[in-house]
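The sequence shown begins at 41 in the numbering used here and counts up one residue at a time.
Glycine is no exception: its CB is placed at the ideal position from the N, C-alpha and C atoms.
Here is the structure we will look at, set down as structure tokens.
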Amino acid sequence: MTAQFALLTIPDGTQIEAESRTAIVDEIIPGHGTLPEGEDGAAAALTLREEHLADIAHRAQAVVMAALTEAGPSAISTLSEEALTAIYHDRSTQSVEIEAWESDIPLFLLATAYAPYTERPRPIGGQIVFLDPLNETTFLDSLVAAGFAELYTRDTVDET
């Protein structure tokens with residue numbers, strides 16, 4: 041028995057079918073599947089996944105903030121400067137130093153900006169969504185957690 045995967049991306053309805061998570065990621069991220077084997081290729085693949093998830097974090101945060109704005113300005117007007125900085129920081133170039141996130145507003149952060157990837161302590165909070173580019177599995181799980189994809193797996197029977 042082998043597993044077959046299908047990924048449905050929510051924004052545009054694109055469906056990708058493949059026999060591995062790696063093959064799905066290769067379809068999503070240009071150049072991911074053409075990287076060389078070894079440490080250099082693994083580091084480059086991590087960078088590509090991290091850049092993609094930084095963009096997803098920005099987009100997911102924007103969707104949340106747009107919904108709050110539509111619901112009424114009071115949800116945003118009461119946020120502190122620190123909270124606004126955390127929400128609107130550029131995830132592709134910086135991380136935020138916060139100990140805890142106590143807001144009910146989801147906060148999308150890159151896991152690689154915090155421990156155990158760096159020495160910066162990982163903030164705590166029930167509404168923090170950490171997007172993790174470590175490998176293809178955590179990458180796809182992050183797309184699902186951010187609401188940008190649905191991942192389906194089905195076992196197929198080898199007819200040999």
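Roughly how far, in whole angstroms, is the beta-carbon of residue i from the beta-carbon of residue j, given that I think they are within contact range, below 8 Å?
i: residue 88; j: residue 72; result: 5 Å
i: residue 104; j: residue 145; result: 6 Å
i: residue 116; j: residue 108; result: 6 Å
i: residue 167; j: residue 147; result: 6 Å
i: residue 61; j: residue 180; result: 6 Å
i: residue 171; j: residue 150; result: 6 Å
Buried or exposed, going by whether 16 or more other CB atoms sit within 10 Å of the CB of residue i?
i: residue 90; result: buried
i: residue 113; result: exposed
i: residue 176; result: buried
i: residue 164; result: exposed
i: residue 50; result: exposed
i: residue 154; result: buried
i: residue 124; result: exposed
i: residue 152; result: buried
Excluding the 5 residues preceding and the 5 following residue i in the sequence, name in chain order all residues of the same chain whose CB lies nearer than 7 Å to its CB.
i: residue 76; result: none
i: residue 85; result: 72 and 75
i: residue 132; result: 91 and 94
i: residue 66; result: 72 and 73
Bridge partners of residue i, per DSSP?
i: residue 134; result: According to DSSP, residue 134 bridges with nothing at all.
i: residue 49; result: 189
i: residue 164; result: 140
i: residue 55; result: 48
i: residue 170; result: 149
Residues in its own chain within less than 8 Å of residue i by CB, not counting five upstream and five downstream?
i: residue 140; result: 163, 164 and 165
i: residue 138; result: 122, 126 and 163
Would you say residue i reaches chain B, if we count a Cβ-Cβ gap shorter than 8 Å as a contact?
i: residue 64; result: The structure shown contains no chain B, having only a single protein chain.
Keeping to the same chain, check which residues put their C-beta closer than 6 Å to that of residue i; ignore five residues upstream and five downstream.
i: residue 160; result: 154
Inset, instruction - Take every Cβ of the region 92-101, pair it with every Cβ of the region 170-188, and state whether three or more of those distances are shorter than 8 Å. - result: yes
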